[in-house]
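Let me begin by presenting the structure, written as structure tokens, before commenting on it.
And the structure:
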């Protein structure tokens with residue numbers, strides 16, 4: 522799945538200047554707790570979250586997240602959008618809720634890039 | 170560049186361009202004179218349309234300016250004008266009759282964005298470039314703009330590559346018994362807005378120094394959690410100190426209070442003393458130290474209640490996969 526497909530599936534609105542619709546999205550991860558994201562996500566995933574502060578973008582940058590989708594039509598503060606532009610991380614807002622979005626993307630063939638708790642002895646980098 | 174998006178979409182038609190915001194910046198930075206062609210084919214006003222036809226065919230061009238003997242721009246003749254002439258079977262008439270004299274021109278000192286705007290508003294394929302005295306100095310096409318932008322983007326890319334190359338050879342180029350690079354960052358307590366900035370700078374530095382993506386990611390995550398801990402839990406912030414050596418990265422996160430009452434309890438997954446406000450920001454679930462321990466090869470937390478804490482972390486670069494072996498060594 523590429524970023525252009527993803528935006529169509531989630532009926533999203535792109536908030537950042539940077540948007541390459543051909544960028545490949547390898548999988549997905551949904552969480553509101555940033556430590557959970559840092560603990561479980563593998564590189565190249567889209568992050569679905571209800572959190573809007575700049576730490577979402579920092580987390581995305583640290584964990585090599587390919588794009589961030591904000592659930593339930595949330596509009597983040599300007600500082601979040603600015604940071605997303607600076608760090609070149611596409612930021613998208615979608616009117617749907619977390620469950621609906623995960624379902625839509627999973628059904629469209631996007632695999633999960635969340636590691637389960639039992640599989641967490643390493644940090645998912647290898 | 171937060172100008173109105175609809176306009177931007179019309180100007181930058183090449184959706185393939187990877188970094189649109191950089192393209193926009195360049196469109197403001199680069200001047201028309203840098204991309205225009207100054208070696209131009211022009212006509213004098215008294216020649217016949219027959220000659221225009223011949224020149225268009227031979228030189229494979231689809232338009233040209235008409236210039237007076239003094240070098241002043243008088244008009245432009247395009248393929249469309251030539252077609253009108255052919256329809257009238259009027260090739261014997263002079264160029265005056267068919268040329269366009271209502272001209273849209275551009276200054277050589279204008280930025281490319283101005284040229285782009287004029288292309289959009291007029292639908293012309295080319296614009297004459299004239300100086301302040303109306304003397305023709307060149308012609309610019311949409312293709313010239315695209316080529317100029319691509320060339321500049323390529324230069325940008327090369328500059329970053331050179332920077333990376335230089336940095337990654339730092340350790341090879343300097344001889345000593347033990348070379349290391351130390352980065353220090355002062356972290357302010359409660360400063361959530363710029364929280365993660367130090368981690369971000371460290372991750373970027375590591376990539377420039379030639380670290381693998383995996384190492385940069387592991388380091389980034391560990392340092393980010395440590396940085397957030399300094400922001401959330403300390404009384405007056407603390408310091409992040411990163412020492413980079415060819416074979417290992419050592420990270421120290423230390424602060425001057427309040428310290429941790431029970432270090433073993435703090436290391437337990439899920440244990441946290443964070444406030445609700447911090448939890449609302451997506452942190453403080455008692456997973457930070459657990460995350461750090463999974464990302465680094467060695468980790469040691471020391472704390473004295475009332476004094477402060479020191480978290481030491483280490484990653485080995487030459488033995489990325491033998492983490493267990495590393496754990497057996499003392500820090």
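Protein chains in written order, with our numbering: chain B, 522 to 647; chain C, 170 to 500. All C-beta atoms in this analysis are idealised placements derived from N, C-alpha and C, irrespective of residue type, glycine included.
{"Item": "Got a sec? Which residues, its chain only, sit under 7 angstroms from residue 539/B by beta carbon, not counting five neighbours each side?", "Value": "606, 609, 611"}
{"Item": "Assign residue 393/C to one of three DSSP states: helix, strand, or coil.", "Value": "helix"}
{"Item": "Relative to the C-alpha of residue 552/B, which residue among 631/B, 639/B, 629/B, 618/B is closest?", "Value": "618/B"}
{"Item": "Would you call the stretch 428-445 of chain C and the stretch 376-386 of chain C in contact, with 3 or more CB pairs under 8 angstroms?", "Value": "no"}
{"Item": "Give me the Cα-Cα distance between residue 528/B and residue 228/C, rounded to the nearest whole angstrom.", "Value": "46 angstroms"}
{"Item": "Run through DSSP, which three-state label would residue 525/B get?", "Value": "helix"}
{"Item": "Against chain C, does residue 560/B count as a neighbour if the rule is that its beta carbon must be under 8 angstroms from one of theirs?", "Value": "yes"}
{"Item": "Check residue 587/B in the structure and name its three-state DSSP category.", "Value": "coil"}
{"Item": "Could you name the residues of chain C that residue 556/B contacts, counting a contact when the two beta carbons are closer than 9 angstroms?", "Value": "394, 397, 451, 452, 453, 454, 455, 456, 457, 459, 460"}
{"Item": "I'd like to know if the stretch 461-479 of chain C and the stretch 391-403 of chain C are in contact, where contact means that at least 3 CB-CB pairs between them fall below 8 angstroms.", "Value": "yes"}
{"Item": "Can you pull the chain B neighbours of residue 362/C, defined as C-beta to C-beta under 8 angstroms?", "Value": "575, 600"}
{"Item": "For residue 496/C and chain B, any beta-carbon pair shorter than 8 angstroms?", "Value": "Only weak support exists for where residue 496/C lies, its pLDDT of 45 falling under 50; the value from the coordinates is given anyway. False, the Cβ-Cβ gap to chain B never drops below 8 angstroms."}
{"Item": "Give me the chain C residues within the contact set of residue 585/B, using Cβ-Cβ distance strictly less than 8 angstroms, ordered along the chain.", "Value": "382, 386"}
{"Item": "According to the neighbour-count rule (16 or more other Cβ atoms, all chains shown, within 10 Å of its Cβ), is residue 497/C buried or exposed?", "Value": "Below a pLDDT of 50, predicted positions are generally treated as unreliable, and residue 497/C, at 42, falls in that range; the measurement from the model is reported next regardless. Result: exposed."}
{"Item": "8 angstroms is my cut-off, CB to CB: does residue 390/C come that close to chain B?", "Value": "yes"}
{"Item": "Is it buried or exposed, residue 585/B, if we count other Cβ atoms within 10 angstroms and call 16 or more buried?", "Value": "buried"}
{"Item": "Which residues of chain C have a Cβ atom closer than 8 angstroms to the Cβ of residue 593/B, listed in chain order?", "Value": "Ordered by position in chain C, no residue passes the 8 angstroms Cβ test against residue 593/B, which lies about 16 angstroms from the chain."}
{"Item": "Using 8 angstroms as the limit for Cβ to Cβ distance, is residue 365/C near chain B?", "Value": "yes"}
{"Item": "Using the Cα positions of residue 197/C and residue 211/C, report the straight-line distance between them to the nearest angstrom.", "Value": "29 angstroms"}
{"Item": "Mind checking residue 557/B: buried by the 16 CB within 10 Å criterion, or exposed?", "Value": "buried"}
{"Item": "Does DSSP put residue 340/C in a helix, a strand or coil?", "Value": "helix"}
{"Item": "Three or more C-beta pairs under 8 angstroms: does that hold for the stretch 240-252 of chain C against the stretch 267-279 of chain C?", "Value": "yes"}
{"Item": "Could you list which residues in chain B have their beta carbon closer than 7 angstroms to that of residue 372/C, in chain order?", "Value": "583"}
{"Item": "For residue 564/B, which residues of its own chain have a beta-carbon under 7 angstroms away from its beta-carbon, when the five flanking residues on both sides are left out?", "Value": "585"}
{"Item": "Can you list, in chain order, the residues of its chain whose CB lies under 7 angstroms from that of residue 545/B, leaving out five sequence neighbours each side?", "Value": "523"}
{"Item": "Could you pull out every residue in the same chain whose Cβ sits closer than 7 angstroms to the Cβ of residue 581/B, ignoring the five residues on either side in sequence?", "Value": "568, 589, 610"}
{"Item": "So which of 548/B, 573/B, 561/B has the shortest CA-CA distance to residue 614/B?", "Value": "573/B"}
{"Item": "Indicate whether residue 236/C and residue 202/C have their beta-carbon atoms separated by less than 8 angstroms.", "Value": "no"}
{"Item": "List, in order along the chain, the chain B residues whose C-beta lies closer than 9 angstroms to that of residue 211/C?", "Value": "Residues of chain B passing the Cβ test: none, with the nearest at roughly 40 angstroms."}
{"Item": "Relative to chain B, which residues along the stretch 278-296 of chain C have a C-beta separation below 8 angstroms, given in chain order?", "Value": "none"}
{"Item": "Got a sec, what are the start and stop residues for the beta strand (DSSP E) residue 424/C sits in?", "Value": "417-424"}
{"Item": "Going by C-alpha to C-alpha distance, which of 312/C, 370/C, 232/C sits closest to residue 410/C?", "Value": "370/C"}
{"Item": "Give the interface partners of residue 345/C over in chain B, defined as CB-CB distance under 9 angstroms, in chain order.", "Value": "Correct list: empty, because the minimum Cβ distance to chain B is about 30 angstroms."}
{"Item": "Buried or exposed: where does residue 402/C fall if 16 or more other Cβ atoms within 10 Å of its Cβ makes it buried?", "Value": "buried"}
{"Item": "Go ahead and pull the three-state DSSP assignment for residue 174/C.", "Value": "Reliability of the predicted coordinates at residue 174/C is poor, the pLDDT of 41 falling under 50, and no value is obtained from them."}
{"Item": "Could you name the residues of chain B that residue 369/C contacts, counting a contact when the two beta carbons are closer than 8 angstroms?", "Value": "579, 582, 583, 608"}
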